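Below you'll find the structure, written out as structure tokens, and then a few comments.
Numbering (UniProt numbering), first residue to last: 1 to 126.
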């Protein structure tokens with residue numbers, strides 16, 4: 001893997017909510033995505049490295065979900081855990097418009113349709 005791919009490991013922790021007034025490091029995602037210099041996901045590099053673009057969802061004491069980052073028709077991004085089945089994707093809300101840099105916030109719609117906000121905690125070179 002070359003550095004020109006821009007692949008990064010990104011960690012998102014649950015942001016402040018009613019149930020978690022300080023946020024939660026036990027609820028979130030770690031995923032690999034190619035980021036441009038501006039911190040945005042690079043769709044062309046994703047296409048070239050899609051197998052490496054994996055996601056791990058961790059949610060307190062629940063079993064972890066492992067899946068893939070998908071670039072869907074129309075340009076939206078989602079996490080898919082059940083590649084061959086009928087489980088719904090978890091959609092990133094306007095991921096294409098967001099820069100993945102520490103301190104920024106992004107939202108993800110879970111398989112139940114609920115929207116959760118997460119803070120970008122770390123972005124590391126792979």
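Cβ atoms here follow ideal geometry from the backbone N, Cα and C, with glycine treated the same way. Just so it is clear, the structure is predicted and the values come from calculations on it, not from any experiment.
Count the C-beta pairs between the segment 37-51 and the segment 11-23 that are closer than 8 Å, then say yes if the count reaches three, no if not.
Under the 8 Å Cβ criterion, the segment 37-51 does not count as touching the segment 11-23, having fewer than three qualifying pairs.
Measure from the alpha carbon of residue 62 to the alpha carbon of each residue in 27, 10, 47, 70, then state which is nearest.
Numbered from its first residue, the chain shown carries residue 62 at position 62. Scanning 27, 10, 47, 70 for the CA closest to the CA of residue 62 turns up 27.
Taking only runs of the beta strand (DSSP E) that begin and end inside the segment 16-66, which ones reach a length of at least 3 residues, in chain order?
24-34, 54-59
Cβ atoms of residue 30 and residue 128: under 8 Å apart, would you say?
A query on residue 128 cannot be resolved here, the shown segment of the chain reaching from 1 to 126 and no further.
Between the alpha carbons of residue 103 and residue 33, how many angstroms are there, rounded?
For the purposes of this step, residue 103 is identified with residue 103 of the chain shown, where counting begins at 1. For the purposes of this step, residue 33 is identified with residue 33 of the chain shown, where counting begins at 1. Rounded to whole angstroms, residue 103 to residue 33 spans 18 Å at the Cα level.
Check residue 100 in the structure and name its three-state DSSP category.
Position 100 of the chain shown, counted from the start, is the residue given in the question as residue 100. Three-state result, residue 100: coil.
Limits of the unbroken beta strand (DSSP E) element including residue 90:
As a working note, residue 90 is residue 90 in the chain shown. Counting along the chain, the beta strand (DSSP E) containing residue 90 begins and ends at 90-93.
Thinking just about the alpha-carbon of each residue, which of 47, 109, 57, 114 is nearest to the one in residue 73?
Translated into positions along the chain shown, residue 73 becomes position 73. Selected option, being the one with the closest Cα: 47.
Which residues in the same chain have their Cβ closer than 7 Å to the Cβ of residue 78, if we skip the five residues on either side of it in sequence?
By one-based count along the chain shown, residue 78 stands at place 78. So the list reads 70, 72, 89, 90, 91, 92, once near-sequence residues are dropped.
What is the DSSP secondary structure of residue 2, counted as helix, strand or coil?
Looking up residue 2 in the chain shown gives position 2. For residue 2, the pLDDT reaches just 42, beneath the cut-off of 50, and the residue's location in the model is therefore unreliable, leaving the point undetermined.
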